[in-house]
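Visitor:
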Amino acid sequence: MKSLMLFILCMVLSAFGTTAVAQNKVLPYPIHQYRMANGLNVVTVTYDSPGLAAFFVVMRVGSRNEIEPGVTGFAHFFEHMMFRGTDKYSREKYNEVLKSVGAGANANTWFDRTIYHMTGDATKLETMFEIEADRFQHLNYSEHDFKTEAGAVKGEYTKNNASPYSQLEENLLNTAFDRHTYKHTTMGFLKDIVDMPNQYVYSKEFFNRYYRPEYATVVVVGDVTPEKVNALAEKYFGMWQHGTYISTVPAESVQTSTRYTNLQNGSIPPFLGLYYKGPAFNDTQIDMPALDVANAILFSSTSELYKKLVITEQKVRDISGYALNTRDPYLISVEASLVNKADMQYVKDEIVKAVEAFKQNGVDEKLLAETKSRLKYSFAMSIDNPTTIADAVSNYITLTGDPESLNRLYTLYDKVTVQDLKTVVSKYFIPTGLTVATISPDAEGGVK
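For the record, in the sequence shown the residue sitting at position 303 is 1078 according to the numbering used here, with numbers rising by one throughout.
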């Protein structure tokens, strides 16, 4: 299977040209960037998808930017509000135009960004530019519309929070962070969501601060040329005025001891999460690629720990480990769903034992090479259409503002050594940086 996968990858890469392969870029297509005078970055990736183009607008604005007390949740709120319409294109007319270009527009918000996206007829690219530029520059809503959408946000929070895992995430972040805005989820604190209908004036201020070209990148991927994309960007986004607001996110204080949070709930299987303070994304340092490789070796379904706890002993239903890419230092997650609550301490001890052994012994070179290859090539095989390419590029724009971060990061995977693995695990998997989060039928999680 592995040989077949590598063969397919080689065949795909050969179609991209020998120059791209020689450069060893995980995205084997040129990334064209054009910085406009107002600060807007325009990114074009030409891809062989006749008649099809993905159009993304990346706003480097998320819940991370909600720095004032009492008004969390507004980045997510505008994910909703941006579909309310303008004087030129009402909500209904906007949807009609979308149908005419064969596109469906959507958006998503996270800690570090809000991404608006559509994929449609490449011959209607100018129409996409026109309707998107209009709403980013001329969004207009009444106080009544604002309150209606704020009520919808509260309903979404209530629906999501019915999940014990969502409740635990909320508790986890509030426990793990003291000062940084990662302390609250993308949805925001409940008390702020309840009060949101009273914050109409602030909503206008939030939009005026952040929905500016210096926070934005337009990404177009597919049957397009950079010359056409850049010309349309100037035509429709050229009048978008640069703002003056700079968001200053408070740095997190240093954690000095293990923290704990437990959600009492006996309706689902017991859950154990070990969350270690990790690094911010950096495309020039080895830490994140090394952590990805280490987590795969330690906690994937092929790991020795998985075989022991899940297959042999059957004390755990599933276990996984991962580190998310974020602009500021976030959490490295190790999560396990247990069969019995009585095994909570045992499972925690086994995870810690595996981590400590890894710090000392590392891993053999063959497993390291196989893991690096699998991680890199599985990603390469996943970016196979305009939408997935635009999504991947957008995620790295979120982190650094530069889409080439994608290629720089995956170049680092080739350089990860056994010593790198031991170093990063020793650096980040420490008790003083740990928050333990559990779901248990008891009032206490039962771990120490």
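Beta carbons: idealized from backbone N, C-alpha and C, even for Gly.
CB F982 to CB L873, shorter than 8 Å?
Guide: The answer is no: Cβ separation not under 8 Å.
Visitor: Beta carbon of L900, beta carbon of V976: below 8 Å?
Guide: Not a contact, by the Cβ cut-off of 8 Å.
Visitor: Between which two residues does the alpha helix (DSSP H) harbouring T1225 extend?
Guide: Shown here, the chain extends from 776 to 1223; a query on residue 1225 therefore has no answer.
Visitor: Considering only residues of the same chain and omitting the five flanking positions on each side of T1162, which have a CB-CB separation below 6 Å?
Guide: Taken in chain order, the residues that qualify are A829, T894.
Visitor: Please report the residue range of the alpha helix (DSSP H) in which F911 lies.
Guide: Residues 900-913.
Visitor: Where do the N-terminal and C-terminal ends of the alpha helix (DSSP H) with G923 fall, by residue?
Guide: The residue asked about is misnamed: residue 923 is Thr in this sequence, not Gly. It spans 918-935 - the alpha helix (DSSP H) in which T923 sits, taken as one unbroken run.
Visitor: Could you check if S1087 is buried or exposed, using at least 16 other CB atoms within 10 Å of its CB as the buried criterion?
Guide: The residue asked about is misnamed: residue 1087 is Thr in this sequence, not Ser. It counts as exposed.
Visitor: Please report the straight-line C-alpha distance between P825 and I906, rounded to a whole angstrom.
Guide: Looking at the two C-alpha atoms, the distance is approximately 22 Å.
Visitor: Alpha carbons only, please: which of D887, E944, T884 is nearest the one belonging to V1211?
Guide: Nearest of D887, E944, T884 to V1211, Cα basis: E944.
Visitor: Helix, strand or coil: which one does DSSP assign to Y1081?
Guide: The answer is helix: DSSP assigns Y1081 an H, G or I state.
Visitor: Which of the three DSSP states, helix, strand or coil, is assigned to Q808?
Guide: The answer is strand: DSSP assigns Q808 an E or B state.
Visitor: In angstroms with no decimal places, state the Cα-to-Cα distance between D1166 and A1117.
Guide: The straight-line gap from Cα to Cα measures roughly 42 Å.
Visitor: In its own chain, which residues sit with a C-beta less than 7 Å from the C-beta of S941, not counting the 5 before and 5 after it?
Guide: Excluding residues within five positions, the ones whose Cβ falls inside 7 Å are N935.
Visitor: Thinking C-beta only, is P988 closer than 8 Å to N813?
Guide: Their beta carbons are under 8 Å apart, which means N813 touches P988 by this criterion.
Visitor: Classify I1043 as buried or exposed, calling it buried when 16 or more other Cβ atoms lie within 10 Å of its own Cβ.
Guide: Flag for I1043 reads exposed.
Visitor: Assign V796 to one of two classes, buried (16 or more other C-beta atoms within 10 Å of its C-beta) or exposed (fewer than that).
Guide: No answer about V796 holds up, because its pLDDT of 40 lies below 50 and its placement is not dependable.
Visitor: What residues match up with R1034 in a beta bridge as DSSP calls it?
Guide: Paired residue(s): T1210.
Visitor: What did DSSP end up calling L779 once you bin it into helix, strand or coil?
Guide: Here the model assigns L779 a pLDDT of 36, short of 50, so the residue's position is not dependable, and the following value carries that caveat. If DSSP states are grouped into helix, strand and coil, L779 belongs with the helices.
Visitor: Would DSSP call V796 helix, strand or coil?
Guide: Low confidence applies here, because V796 scores a pLDDT of 40, under 50, leaving its location unreliable; read the following figure in that light. The answer is helix: DSSP assigns V796 an H, G or I state.
Visitor: Roughly how many angstroms separate the alpha carbons of D1217 and Y1051, rounded to a whole number?
Guide: Cα to Cα, D1217 sits roughly 24 Å from Y1051.
Visitor: On the DSSP letters alone, give me the boundaries of the beta strand (DSSP E) that H959 sits inside.
Guide: That residue, H959, is in no beta strand (DSSP E); it is neither H nor E in DSSP.
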